[in-house]
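Quick note: the sequence shown, position 57, residue 54 per our numbering, numbers continuous. Quick reminder that beta carbons are idealized off the backbone N, C-alpha and C, glycines included. Owing to the predicted nature of the structure, the values given are computational and were not obtained by experimental measurement.
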Amino acid sequence: METLLNDPPLADQGDSRDLRELDEVLEADVVTLHVPFATGGDHPTADLLNAGRLMRMKRGACLINTARGGVVDESSLKNAMATRELRGVLDVWRHEPAIDSGLAAAVMLGTPHIAGYSLDAKLRATADGLPGYV
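What follows is the structure in structure tokens.
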């Protein structure tokens, strides 16, 4: 398996690995996302995979998003899954916990994002006084 890496912040820092452009990475059979959610800065990731980028993906490719909800334009993903036969694997959703049930039904695999339900997360949230975590 050939692995392609795209990481603009690392590229900006002069990383010596063979970093590729996002458009090239999107031609892979499997694309996985490992990015924070960012709306500003030099490398925003909100709707990083929008309609145009999803349409650049290879027909039948698999998109795995375990990064953050909002990194993928979910309505465009539903369309791409129907028209380009993309396969979606999602562990994160834009409006958790009120996720798009149509999208959940369309993905090849959908899991509940439960990072906030770990004991550590509950203890930290309780200590910070966040409601719903007592």
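Per DSSP, what kind of secondary structure is V28 in: helix, strand or coil? When secondary structure is reduced to three states using DSSP, V28 falls in the strand class.
Tell me whether the segment 45 to 52 and the segment 7 to 16 touch, counting them as touching only if at least three CB pairs, one residue from each stretch, are closer than 8 Å. Under the three-pair Cβ rule at 8 Å, the segment 45 to 52 does not count as touching the segment 7 to 16.
Check V86 in the structure and name its three-state DSSP category. In the structure shown, V86 sits in a strand (DSSP, three-state: E or B).
Since R65 and V89 are thought to touch, with beta carbons under 8 Å apart, how far apart are those beta carbons, to the nearest angstrom? Yes, R65 and V89 are in contact; Cβ-Cβ is about 6 Å, under 8 Å.
Quick one: measure Cβ to Cβ for N47 and D70, integer angstroms, because I've assumed they're closer than 8 Å. That pair is a contact at about 5 Å.
What residue range is occupied by the uninterrupted alpha helix (DSSP H) comprising L100? According to the DSSP assignment, L100 belongs to the alpha helix (DSSP H) that extends over 98 to 103.
N62 (DSSP reduced to helix, strand or coil): Reduced to three states, the DSSP call for N62 is strand.
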